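Position one of the sequence shown corresponds to residue 15 (my numbering), numbered consecutively onward.
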Amino acid sequence: MDNSRTDYIPIWLIYAVTVALGLAFSITIFFIVWNNSLHNKNQEFLVDTVAIRETVMQKIYAVEDSIDYLSAMITASPEFDPVIFGEFSGKIIELNDFIRAAAILSAPDAIPDPGFQDLSTLALAESATFNLDVALRELQTERFDRITGNIFQSEKTVILSSSPNGTAGETIWFFRLVSIDSGELLPISSGNGIIALAIDASELLTGSAVTGRISTSVYSESAGLFGRQLLSGNRIQAPDDRWQISSFAEQNNIPLTGYSIRLDFSKPVYWHEIEQGLIYTTLIIGVGVTLLLVALVRTRELQARELRKRNIVIEKKVEEQTKELAVARDKALDASRMKSDFLASMSHEIRTPLNAIIGMSELLSETTLTGEQKKYIDIFRKAGDTLLSLVNDILDLSKIEAHQLVLEEISFDARDTVEESVDIYAVKAAGKHIELIARVLPGTATRRIGDPTRLRQIILNLISNALKFTERGEIIVTVGPDETSDDPDRLHFSVSDTGIGIPADKLEKIFASFTQVDSSTTRKYGGTGLGLTISKSLTQMMDGRIWVESEEGKGSRFSFIVRLPVDDEVTEISGRFNIERDLKGKRILVVDDNSTNRLILRENLTGLGAEVIEAENGRQALDQINSGSEHHTPFDLGLIDCRMPEMDGFELAEAMRGQGIDLAKILMISSADLSKDMEKARQLSLGAYLVKPVKRADLLQIINQKLFNLENEPQNTTANQGVIEPAHKQDGTILLVEDNPDNRLLIKAYLKKTEYRIVEAENGQLAVDLFRDNDFDLVFMDVQMPVMDGHEATRQIRKVEAEKNNGRTPIIALTAHAIKEEIDKCIAAGCDTHIGKPVKKATLLQTIEKYMA
Ligand code: ADP
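Structure representation (structure tokens):
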């Protein structure tokens, strides 16, 4: 269980980040909306300021224009007429209600720098609410005195507020110098006057079409005077109950001749003024998004928690189920083990009586019997053999199914395996007049690593089937590289026959257990339907496959490809090199009616450099000999098949002798080990008499002997080919340890005609006692016995041997379980080898000869 991974980031951190993200989002959109609202307000404010400026400008311009008109009027008339001035300026006041009064003032000529108090009003027009005298009196301050000089020297308008102390007064004064008499502008001392226009300061700002309330201050900035002075202003008082959120400010200038008007605007922005709906919406969205994010995280967290909970439940369940499965598996394994154990012991139980049955029938068949009795004994023996092979097959299959069959990995020669397999069925094939041929394709690396016993089992099964289902023709067992793959470790074996074939729809099915082409097969040919199933399992265990191609009535070809790694380590047995002698320049005649046999001989011999002359029959062979030059020997060696149509091998040999050919260089190859034929061969002084199947090594050895006169070369081969010598007689004492009296009887019967002396022991204990007091040349040791079993007895005997200190006696185990573990156990206990039950006579004799030698 690993929950820590989901908890790797602490949950509080995930929430914090989520809330932060939500807030960041909310704040961002809030500010966007906020700024947008303020921006709109600011735009309004700017529009308002422009409107106010326009109003102020219009009024100032109107005043300027009025002064211009008045001065133009005065300057244009030759003589100043106060009445006309009064009327004219009255009109101006009437048109511009913010102008309160217009007057023309003049100072006495004598005074060069008069103060305001010295000015006299020449003419005046005023609105009803205005009193010029009073207004002028307000102006008569020190400050104004100081600027009169300026006025009298300037042609420009001079503007003054009635308030001297920096606050806005009630009236704004516009003054301009004007020439009263001459029409020429002269200093006031020489008859000039001052036009004075008074406007209501509070009127300056009224009348503009503004949407909002704005604080406005109007200043005049006159060059040469006392700087900035406040002309008018309205300050908006902030209401107490309103929440100010921002303020705008703006400045504006109206430039005029001699002075400029400056406008300062400011406006507070209140919360209630901006678009609150949008802001509230934004806030709701922001909070909503934050909550949504948090909810998402929460959902994920809950999901993860739920998942974890479920995982725990599932894990628990899996754990429980695994436990249950393990129990079930153990039970199944136990059952399977019990089944194999049962089968193993059952096979032992069946084999023991079978041992006696088969052995006794073998012995019985050696006695003098009537024809009928012989027939019955034959059936009796065949039934025993079938039963034995069935027991073996079932045992094999159960081991494969229980995965108890372990393949060996030893170095072996695939050629030996194929040749041995062919050897085993040679007699049977010869009896059916079927050519059984082993063929190793040239260029096949035959030294391999694997399980030769199991490989042989597959090949034997296929040959056995082929023999069973073939009446005439040939059976060819071929081994070669796997052409379909680049892997050099894969070997392709095939067994092809010229038998009855298999219907196309049965090709797949025959590999299943207990399946035969049709049910009558069992009656006619026998068999259990297990052979191919076992073969298939074995090929699969060898990382391979098995398949069949067949044509009904023409024959079948069973193929299998298995992986048997090439053994690079192996150092060839010295004999192998010796027999692979260079045959260059040697001419070898091959006479055989079977083309496959000729092909194989040709492959083998030309591979070593020999020249092969082939003939299909005796006549062709004789023709070949006759066509050769008289002085030139037509061939160095002849290999003649004994059984051929028309002229057989012996007839051909005789004909050859008639032509003066030395028969010592003729090797006769027969398919049956017939003493009659052997005798004939001896009479004809043939070079050798060989019995099919001839192993390559044996053939090459004899060819070498004949071609290079190496008669004394030691025999490296296992087979007793050539001219067979009878085995020399031996004697000795054998201790037979076996609890079953039938089996003891059988073995004694087998050895009846030999010189061996048999001492019997019924169990291991008796055997050990006997061994202590006597000397034996060999011991046969049964494994399963009462009192003391074979393993323990063997161990004890080895101990006694060590005490007596007079050499090692061969001990041969008689095993019923032909399984590897059992054999290993025997060897570990001290046995030299084992013979599987039921014991066959030939095996028994061979083993004795081998171990007593
Ligand atoms: P068994 O030979 O003991 O019946 P197998 O599994 O070896 O069992 O073979 C199954 C069947 O496949 C045989 O009974 C036979 O019908 C068919 N068969 C096998 N080999 C051959 C063959 N070489 N020619 C024709 N039929 C064959």
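Ideal Cβ placement from N, Cα and C applies to all residues, glycine included.
Keep in mind that this is a model prediction, so the values were computed, not measured.
### Task
Just the C-alpha distance for E817 and A843, rounded to the nearest angstrom, thanks.
17 Å
### Task
Would you check whether the ligand ADP has a heavy atom nearer than 8 Å to the C-beta of K694?
no
### Query
For the ligand ADP, is there a heavy atom less than 8 Å away from the beta-carbon of K442?
no
### Query
By Cβ distance below 6 Å, which residues in the same chain neighbour A115 in space, the five residues on each side in sequence not counted?
E140, F144, L146, A212
### Task
Tell me the start and end of each unbroken beta strand (DSSP E) in the region 384-430 that is at least 3 residues and wholly inside, in chain order.
424-427
#### Entry: Coarse secondary structure for R470, derived from DSSP in three states
R470: helix per DSSP, three-state reduction.
### Message
Counting only beta-carbon separations shorter than 9 Å, does S508 have a partner in chain C?
### Response
Here chain C cannot be found, since the structure has a single protein chain.
### Message
Which residue wins for smallest C-alpha separation from T135, given the options L109, F99, I113, K105?
### Response
F99
### Query
My guess is that K413 and L419 are in contact by the Cβ rule of under 8 Å, so how many angstroms apart are they, rounded?
4 Å
### Query
In terms of residues, what are the limits of the alpha helix (DSSP H) holding L622?
Neither: L622 is in no alpha helix (DSSP H) and is coded neither H nor E.
### Query
If you run the structure through DSSP and keep just helix, strand and coil, what is P495?
Strand at P495.
### Task
Between the Cα of G487 and those of N611, V605, G464, I811, spot the shortest distance and give me the residue it belongs to.
N611
### Query
Residue range of the alpha helix (DSSP H) that K330 falls in?
290-380
### Query
Between the beta-carbon of I473 and the beta-carbon of V432, is there less than 9 Å?
Contact check for I473 against V432 passes: the beta carbons are separated by less than 9 Å.
### Message
To test your reading of the DSSP string, which unbroken alpha helix (DSSP H) runs of 4 or more residues are found completely within the region 743-794?
### Response
Listed in chain order, the alpha helix (DSSP H) elements of length 4 or more contained wholly in the region 743-794 are 755-764, 778-787.
### Task
Just tell me which of V441, I575, I393 has its CA closest to the CA of S499.
I575
### Task
Rounded to whole angstroms, what's the CA-CA distance from V64 to V232? Just pull it up for me.
14 Å
### Own chain residues within Cβ distance below 6 Å of D496, not counting five before or after
R504, H506, I575
### Query
For E815, which option in V793, F262, A34 has the closest C-alpha, if you only look at C-alpha atoms?
V793
#### Entry: Cβ separation of V311 and I28, assumed to be a contact under 8 Å, to the nearest whole Å
6 Å
### Query
If we ignore side chains and look at the alpha-carbon of each, how far apart do F664 and W561 end up?
Straight-line Cα distance between these residues: approximately 42 Å.
### Query
With respect to 8 Å, is the separation between the Cβ of Q530 and the closest non-hydrogen atom of the ligand ADP below this value?
Taking 8 Å as the cut-off, the C-beta of Q530 counts as close to a heavy atom of the ligand ADP.
### Task
Mark L409 as exposed unless 16 or more other C-beta atoms lie within 10 angstroms of its C-beta, in which case mark it buried.
buried
### Task
Compute the beta-carbon to beta-carbon distance between P654 and M682, rounded to the nearest angstrom, for a pair I have assumed lies under 8 Å.
In the sequence under discussion, the amino acid at residue 654 is Ile, which differs from the Pro named in the question. Yes, I654 and M682 are in contact; Cβ-Cβ is about 6 Å, under 8 Å.
### Task
List the whole-angstrom C-beta distance separating I88 from V172, where the pair is believed to meet the contact cut-off of C-beta under 8 Å.
Between V172 and I88 the Cβ distance is about 17 Å, and since that is not below 8 Å, they are no contact.
### Task
Can you give me the Cβ contacts of V283 inside the same chain, cut-off strictly under 8 Å, excluding the 5 residues immediately before and after it?
Taken in chain order, the residues that qualify are L52, K55, Q258, I259, S260, S261, F262.
### Task
Could you name each continuous beta strand (DSSP E) segment of 3 residues or more that falls completely within the region 544-620, going from the start of the chain to the end?
559-565, 569-577, 601-605
### Query
Is L544 near the ligand ADP, judged by its Cβ being under 8 Å from some heavy atom?
yes
### Nearest to T230 (by Cα), restricted to the options Q251, S236, G241
When each option's Cα is compared against that of T230, the closest is Q251.
### Query
Are G746 and D691 closer than 9 Å when you measure CB to CB?
no
### Message
I'd like to confirm something about A480: is its beta-carbon nearer than 8 Å to some heavy atom of the ligand ADP, or not?
### Response
Because some heavy atom of the ligand ADP lies under 8 Å away, the Cβ of A480 counts as near it: yes.
### Query
Is it buried or exposed for Y703, if we count other Cβ within 10 angstroms and need 16 for buried?
buried
### Query
Where does the unbroken beta strand (DSSP E) through K55 begin, and where does it stop?
No beta strand (DSSP E) contains K55, which is instead part of the alpha helix (DSSP H) from 25-90.
#### Entry: Buried or exposed (CB count within 10 angstroms, at least 16 for buried), Y764
buried
### Query
Nearest to V405 by CA position, among L383, D519, S354, is which residue?
Taking each of L383, D519, S354 in turn and checking the Cα distance to V405, the smallest one comes out for S354.
### Query
For the beta strand (DSSP E) that contains H805, what are its first and last residues?
No beta strand (DSSP E) contains H805, which is instead part of the alpha helix (DSSP H) from 804-818.
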